[in-house]
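Undergrad: Following this message is one structure expressed as structure tokens.
Number of protein chains: 2
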Amino acid sequence: MTEDLRQPVPTLEDVARVAGVSRATVSRVINGKRKVAAAVQETVLAAVAETGYVPNRAARSLVTRRTGMAAVVVSGSAAGPGEEADPSRALSDPFFGRVVGGFVRALRRHDVHPVLLFADTPEAEDQAVNYLRLGNVDGTLLVSTHGDDPLPGRLVEAGRPVVMFSRPARPVPVSYVDLANSDGGRLAAEHLVARGCTSLGLVSGPLDVPAARDRADGFRDRAARHGHAYVPGAADDFTFAGGEAATERLLAEVPGIDGVFAGNDLMAQGALHALRTHGRRVPDDVAVVGFDDSPVATQTRPHLTTVRQPAEEMAATMADLLVERIEDPGLPPRSVVFDPELVLRDSA
Amino acid sequence: MTEDLRQPVPTLEDVARVAGVSRATVSRVINGKRKVAAAVQETVLAAVAETGYVPNRAARSLVTRRTGMAAVVVSGSAAGPGEEADPSRALSDPFFGRVVGGFVRALRRHDVHPVLLFADTPEAEDQAVNYLRLGNVDGTLLVSTHGDDPLPGRLVEAGRPVVMFSRPARPVPVSYVDLANSDGGRLAAEHLVARGCTSLGLVSGPLDVPAARDRADGFRDRAARHGHAYVPGAADDFTFAGGEAATERLLAEVPGIDGVFAGNDLMAQGALHALRTHGRRVPDDVAVVGFDDSPVATQTRPHLTTVRQPAEEMAATMADLLVERIEDPGLPPRSVVFDPELVLRDSA
DNA sequence: CTGAAAGCGCTAACAC
DNA sequence: GTGTTAGCGCTTTCAG
Numbered sequence: 001m002t003e004d005l006r007q008p009v010p011t012l013e014d015v016a017r018v019a020g021v022s023r024a025t026v027s028r029v030i031n032g033k034r035k036v037a038a039a040v041q042e043t044v045l046a047a048v049a050e051t052g053y054v055p056n057r058a059a060r061s062l063v064t065r066r067t068g069m070a071a072v073v074v075s076g077s078a079a080g081p082g083e084e085a086d087p088s089r090a091l092s093d094p095f096f097g098r099v100v101g102g103f104v105r106a107l108r109r110h111d112v113h114p115v116l117l118f119a120d121t122p123e124a125e126d127q128a129v130n131y132l133r134l135g136n137v138d139g140t141l142l143v144s145t146h147g148d149d150p151l152p153g154r155l156v157e158a159g160r161p162v163v164m165f166s167r168p169a170r171p172v173p174v175s176y177v178d179l180a181n182s183d184g185g186r187l188a189a190e191h192l193v194a195r196g197c198t199s200l201g202l203v204s205g206p207l208d209v210p211a212a213r214d215r216a217d218g219f220r221d222r223a224a225r226h227g228h229a230y231v232p233g234a235a236d237d238f239t240f241a242g243g244e245a246a247t248e249r250l251l252a253e254v255p256g257i258d259g260v261f262a263g264n265d266l267m268a269q270g271a272l273h274a275l276r277t278h279g280r281r282v283p284d285d286v287a288v289v290g291f292d293d294s295p296v297a298t299q300t301r302p303h304l305t306t307v308r309q310p311a312e313e314m315a316a317t318m319a320d321l322l323v324e325r326i327e328d329p330g331l332p333p334r335s336v337v338f339d340p341e342l343v344l345r346d347s348a
Numbered sequence: 001m002t003e004d005l006r007q008p009v010p011t012l013e014d015v016a017r018v019a020g021v022s023r024a025t026v027s028r029v030i031n032g033k034r035k036v037a038a039a040v041q042e043t044v045l046a047a048v049a050e051t052g053y054v055p056n057r058a059a060r061s062l063v064t065r066r067t068g069m070a071a072v073v074v075s076g077s078a079a080g081p082g083e084e085a086d087p088s089r090a091l092s093d094p095f096f097g098r099v100v101g102g103f104v105r106a107l108r109r110h111d112v113h114p115v116l117l118f119a120d121t122p123e124a125e126d127q128a129v130n131y132l133r134l135g136n137v138d139g140t141l142l143v144s145t146h147g148d149d150p151l152p153g154r155l156v157e158a159g160r161p162v163v164m165f166s167r168p169a170r171p172v173p174v175s176y177v178d179l180a181n182s183d184g185g186r187l188a189a190e191h192l193v194a195r196g197c198t199s200l201g202l203v204s205g206p207l208d209v210p211a212a213r214d215r216a217d218g219f220r221d222r223a224a225r226h227g228h229a230y231v232p233g234a235a236d237d238f239t240f241a242g243g244e245a246a247t248e249r250l251l252a253e254v255p256g257i258d259g260v261f262a263g264n265d266l267m268a269q270g271a272l273h274a275l276r277t278h279g280r281r282v283p284d285d286v287a288v289v290g291f292d293d294s295p296v297a298t299q300t301r302p303h304l305t306t307v308r309q310p311a312e313e314m315a316a317t318m319a320d321l322l323v324e325r326i327e328d329p330g331l332p333p334r335s336v337v338f339d340p341e342l343v344l345r346d347s348a
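From first to last, the protein sequence lines stand for chains A and B.
Each residue of the first sequence is one higher than the one before, starting from 1 at the first, in the UniProt record's numbering.
Each residue of the second sequence is one higher than the one before, starting from 1 at the first, in the UniProt record's numbering.
Encoded structure:
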């Protein structure tokens, strides 16, 4: 049996007694509401320091209807039949680590704590919606990894702020932060063309995911301006295995390919392996451009030339948008779109 | 301006009115405490369904002193000077995704929600400790990525349950779930020796991290039983770059090495690249064994033969231990140690 | 500018 | 068994 080490936690009452004022006054000082005489303020602050007082969140939450918490929902809701919904697969993409890390740090600045939720089953989805609806969190940061996800709409209906990473597949009145994905695709095309590639190919993510489609569209759009009327492509999961498989298919269709644009860095890594298997040297025979600038970009040989997403900034902006909307629920949905940047390394 | 979609959330009072009983009775039915007449029970349940009632966590928490939340703390507290403390680096190890995914799913079964906290600065560390001490969470699941971390001790002093992933570097009365790391090292040595390797080497994680040290010790121990009196080693970060750098050093010391045991899969991946750079073929010239069975193990060519940690099970066990201790704070610290398993693939 | 008092939604003694 | 009552710790009118 271990002893109970819990120490009595001081309450407002205690501080008030020490400071010789009322609870209400202490509350005002702590929340900086209304004017409080400077002298009193000082006394109270001293009492707070002396007692080591910290507000009880449950009590505060009960009356303010605010919890100081935000849900971070990772949705893997399957679009089509047979699709597996596994949000923890998203967690195994190191790029995602950059995003989540960004959330945690940004929310912390606002004194908001992230509650991690997976929406990987219908029940879990309901739970996430309810969690929001009941006010267990003040708002939601949503990362959806699948295409036509109904969750954004459901969360918005819960009547509390939601900010998404990436624009929703179907129009929903929700705030989001996104990357100009098509510009990213253009950057990649421009680079490959400038490099002298004559046979371009696309190893794309799932085309029902807006980001994947936009990247592909941007790539083809810019390729077309340089005379590439037809750019063959193969789509697959946003994973290493997906990239490898798609590349195999591409290679079967166009053996002479010399420039590949992959939907993300994990797929690019898969492409690298497939190319090597088929005896192609990168970048000499085939140039490869990835997407994200995930930590894996420097864990490949050659290092990946890739289209960078400023994930941390994007995550921080999401947090800002969310907090704004929590503070003023009347604010309309807003979108912030970041510009991608080509990071030159060795693969192209 | 968007309309406020929030709907009035029913309270106990509402349910009581609909059911024609008192709040207390409804509360009893909901919490399954004490005996309630079957007929009344039914009426209440019907009323709950009709109103769509769900308990308000803040209110409940205020009186029960329980929040239904657990902190998931990722500590990157630096041991030595000059060490960078970046928990989001841990998030970029896909193995970590397996662990966090395990936490989320296991806690969900207990109806406990995970709050993600980084202890990456002294302030953040204080915050985490306070968060626990004040009862904003019922307990903590701690993953420490650095060696001599003072956080476990501090969290335990907060007087609430803490369960660690991996045993603490210094003795602290805390529950933990661990892998028999030295057995894992033995498994690797055994396999390499059986394969006919004659010149073994170690690409180890930071030696102040117990897991890294245990793996190395186990490896050397078993190697010694097979006559390998001296096993050269190089230690570095648990990262791709760390594995690459350590392998370079090892290769400089022992050019003829033909069997390498890496501290984790990320390091093994780095080793693979370093070996290739130096013209060594894997597994023909050098056999490589990794550790973790992280998602990266199948994202290398050749695929990694590796020592598997049952991460999801370990995470689930941590959640169980934590919940047990939350429910009965008198329970002494307990440890659960899992057995590693060699997963044979192509690198060794 | 400050204090008194009410009450957020819930559980837990304590009566009946 | 079930209802009544008293708070949990905090914010917030409302007086003064």
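Cβ atoms here follow ideal geometry from the backbone N, Cα and C, with glycine treated the same way.
Every value quoted in this text rests on a predicted model; they were computed, and no experiment measured them.
Which bits of chain A does B:Pro150 rub up against, with CB to CB less than 9 Å?
TA: As a working note, residue 150 of chain B is residue 150 in the second sequence. Correct list: empty, because the minimum Cβ distance to chain A is about 16 Å.
Undergrad: Exposed or buried, which one is A:Leu107 when buried takes at least 16 other CB atoms within 10 Å?
TA: Sequence index remark: in the first sequence, residue 107 of chain A carries index 107 (1-based). Buried, by the Cβ-count rule.
Undergrad: State yes or no: is the C-beta of B:Leu142 within less than 9 Å of the C-beta of B:Leu155?
TA: Within the second sequence, residue 142 of chain B is the residue found at index 142, counting from 1. Within the second sequence, residue 155 of chain B is the residue found at index 155, counting from 1. For B:Leu142 and B:Leu155, yes; Cβs fall inside 9 Å.
Undergrad: Using C-beta distances below 7 Å, list every residue in its chain close to A:Ser22, excluding the 5 sequence neighbours before and after it, in chain order.
TA: Taking the first residue of the first sequence as 1, we reach residue 22 of chain A at position 22. Here the set comprises Ala16.
Undergrad: Taking the alpha carbon of B:His110 as the point to measure from, which residue in B:Asp138, B:Ala271, B:Thr300 and B:Leu91 has its own alpha carbon closest?
TA: As a first step, residue 110 of chain B must be located in the second sequence, where it is residue number 110. Each of B:Asp138, B:Ala271, B:Thr300 and B:Leu91 was checked against the Cα of B:His110, and the nearest Cα belongs to B:Asp138.
Undergrad: State buried or exposed for B:Thr64, treating a residue as buried only when at least 16 other CB atoms are found within 10 Å of its CB.
TA: Residue 64 of chain B sits at position 64 when you count from the first residue of the second sequence. Per the 10 Å Cβ criterion, exposed.
Undergrad: Can the beta-carbon of B:Asp178 be found less than 9 Å from the beta-carbon of B:Met314?
TA: One-based indexing of the second sequence puts residue 178 of chain B at position 178. One-based indexing of the second sequence puts residue 314 of chain B at position 314. Yes.
Undergrad: Runs of 4 residues minimum, wholly inside the segment 253 to 288 of chain A: which ones carry the alpha helix (DSSP H) assignment?
TA: 265 to 277
Undergrad: Measuring only between beta-carbons, confirm whether B:Arg334 sits less than 9 Å from chain A.
TA: For the purposes of this step, residue 334 of chain B is identified with residue 334 of the second sequence, where counting begins at 1. Closer than 9 Å: no.
Undergrad: With respect to the beta strand (DSSP E) encompassing B:Thr11, which residues constitute its N-terminal and C-terminal limits?
TA: As a first step, residue 11 of chain B is located in the second sequence; it is residue number 11 there, counting from the start. That residue, B:Thr11, is in no beta strand (DSSP E); it is neither H nor E in DSSP.
Undergrad: Which bits of chain B does A:Pro114 rub up against, with CB to CB less than 8 Å?
TA: For the purposes of this step, residue 114 of chain A is taken as the residue at position 114 of the first sequence. Neighbours of A:Pro114 on chain B, chain order: Val115 and Leu116.
Undergrad: For A:Pro210, which residues from the same chain have a beta carbon less than 6 Å from its beta carbon, with the 5 sequence-adjacent residues on both sides left out?
TA: Taking the first residue of the first sequence as 1, we reach residue 210 of chain A at position 210. Excluding positions up to five away in sequence, the list reads Arg167 and Ala169.
Undergrad: Check whether the Cβ atoms of B:Ser175 and B:Arg215 sit closer than 9 Å, and answer yes or no.
TA: The sequence position of residue 175 of chain B within the second sequence is 175, counting from 1. The sequence position of residue 215 of chain B within the second sequence is 215, counting from 1. Cβ atoms of B:Ser175 and B:Arg215: not closer than 9 Å.
Undergrad: So, helix, strand or coil for B:His191, using DSSP?
TA: By 1-based counting over the second sequence, the position of residue 191 of chain B is 191. Of the three classes helix, strand and coil, the one that applies to B:His191 here is helix, per DSSP.
Undergrad: Indicate the three-state DSSP secondary structure (helix, strand or coil) for B:Gly68 in the structure shown.
TA: Translated into the one-based positions of the second sequence, residue 68 of chain B becomes position 68. Note: B:Gly68 maps to coil in three-state DSSP.
Undergrad: Mind the definition here: the segment 266 to 281 of chain A touches the segment 236 to 244 of chain A only if three or more C-beta pairs lie below 8 Å; say whether that holds.
TA: yes
Undergrad: Within a Cβ cutoff of 7 Å, which residues of the same chain sit near A:Pro173, ignoring the five residues on either side of it in sequence?
TA: Working through the first sequence from its first residue, we reach residue 173 of chain A at position 173. Cβ within range, chain order: Val156 and Pro333.
Undergrad: In this structure, does DSSP put A:Pro122 in helix, strand or coil?
TA: Counting from one through the first sequence, the residue named residue 122 of chain A turns up at place 122. The answer is helix: DSSP assigns A:Pro122 an H, G or I state.
Undergrad: Between B:Val112 and A:Val115, what straight-line distance do the alpha-carbon atoms span, to the nearest angstrom?
TA: For the purposes of this step, residue 112 of chain B is identified with residue 112 of the second sequence, where counting begins at 1. For the purposes of this step, residue 115 of chain A is identified with residue 115 of the first sequence, where counting begins at 1. Going by the C-alpha atoms only, they are around 10 Å apart.
Undergrad: If I'm right that residue 383 of chain B touches B:Val44 with Cβ under 8 Å, what's the distance once you round it to whole angstroms?
TA: Because residue 383 of chain B is not part of the residues shown, which for chain B are 1 to 348, the question remains open.
Undergrad: Under 9 Å between the Cβ atoms of B:Val282 and B:Val288?
TA: Locating residue 282 of chain B in the second sequence gives position 282, where the first residue counts as 1. Locating residue 288 of chain B in the second sequence gives position 288, where the first residue counts as 1. Yes, Cβ-Cβ distance for B:Val282 and B:Val288 is below 9 Å.
Undergrad: Among B:Val129, B:Arg213, B:Phe118 and B:Ala189, which one has its Cα closest to the Cα of B:Ala229?
TA: For the purposes of this step, residue 229 of chain B is taken as residue 229 along the second sequence, with counting starting at 1. Nearest C-alpha to B:Ala229: B:Ala189.
Undergrad: Taking 9 Å as the threshold (C-beta atoms), are A:Asp339 and A:His303 in contact?
TA: For the purposes of this step, residue 303 of chain A is taken as the residue at position 303 of the first sequence. For the purposes of this step, residue 339 of chain A is taken as the residue at position 339 of the first sequence. Not in contact: A:His303 and A:Asp339 (Cβ atoms no closer than 9 Å).
Undergrad: Give a yes or no on whether the C-beta atoms belonging to B:Ala234 and B:Ala246 are separated by under 9 Å.
TA: Sequence index remark: in the second sequence, residue 234 of chain B carries index 234 (1-based). Sequence index remark: in the second sequence, residue 246 of chain B carries index 246 (1-based). Against a cut-off of 9 Å, the Cβ pair of B:Ala246 and B:Ala234 comes out as a contact.
Undergrad: How big is the Cα-Cα spacing for A:Gln7 and B:Leu207?
TA: Counted from its first residue, the first sequence places residue 7 of chain A at position 7. Counted from its first residue, the second sequence places residue 207 of chain B at position 207. One C-alpha to the other measures close to 36 Å.
Undergrad: Short of 6 Å in beta carbon distance, which residues of its chain neighbour B:Arg213, apart from the five on each side in sequence? Order them along the chain.
TA: Taking the second sequence and counting its residues from 1, one reaches residue 213 of chain B at position 213. So the qualifying residues of the chain are Leu207.
Undergrad: A:Arg34 bridges to which residues according to DSSP?
TA: The residue labelled residue 34 of chain A in the question sits at position 34 within the first sequence. A:Arg34 is not bridged to any residue.
Undergrad: Here's the rule: buried if 16 or more other CB atoms are within 10 angstroms of the residue's CB, otherwise exposed. What is B:Arg325?
TA: The sequence position of residue 325 of chain B within the second sequence is 325, counting from 1. Looking at its Cβ environment, which holds 16 or more other Cβ atoms inside 10 Å, B:Arg325 is buried.
Undergrad: So the candidates are A:Gln309, A:Cys197, A:Val193 and A:Thr298; which of them puts its Cα closest to the Cα of A:Ile257?
TA: The residue given as residue 257 of chain A occupies position 257 in the first sequence. The option with the nearest alpha carbon to A:Ile257 is A:Cys197.
Undergrad: Which residue marks the beginning of the beta strand (DSSP E) containing B:Thr305, and which one marks its end?
TA: As a position in the second sequence, residue 305 of chain B is number 305, starting the count at 1. Thr305 to Arg308 is the extent of the beta strand (DSSP E) around B:Thr305.
Undergrad: Contact check, A:Gly242 vs A:Gly218 under 8 Å by CB: the rounded distance?
TA: Here residue 242 of chain A corresponds to residue number 242 of the first sequence, with the count starting at 1. Here residue 218 of chain A corresponds to residue number 218 of the first sequence, with the count starting at 1. Contact flag wrong, Cβ pair sits at about 20 Å.
Undergrad: Ordered along the chain, which non-local residues of its own chain (more than five positions away) have a Cβ less than 7 Å from that of A:Glu13?
TA: Stepping through the first sequence from its first residue, residue 13 of chain A is reached at position 13. So the list reads Arg23, once near-sequence residues are dropped.
Undergrad: Report the three-state DSSP secondary structure of B:Phe95 (helix, strand or coil).
TA: Here residue 95 of chain B corresponds to residue number 95 of the second sequence, with the count starting at 1. B:Phe95 falls in the helix class under three-state DSSP.
Undergrad: Buried or exposed, going by whether 16 or more other CB atoms sit within 10 Å of the CB of A:Arg34?
TA: Here residue 34 of chain A refers to the residue found at position 34 when the first sequence is read from its first residue. That one is exposed.
Undergrad: Just to confirm my understanding: we take A:Glu248, look at its own chain, exclude 5 residues before and 5 after, and list those with CB closer than 7 Å. What are they?
TA: If you number the first sequence from 1, residue 248 of chain A lands on position 248. Here the set comprises Ala274.
Undergrad: DSSP on B:Ser199, reduced to helix/strand/coil?
TA: Position 199 of the second sequence, counted from the first residue, corresponds to residue 199 of chain B. If DSSP states are grouped into helix, strand and coil, B:Ser199 belongs with coil.
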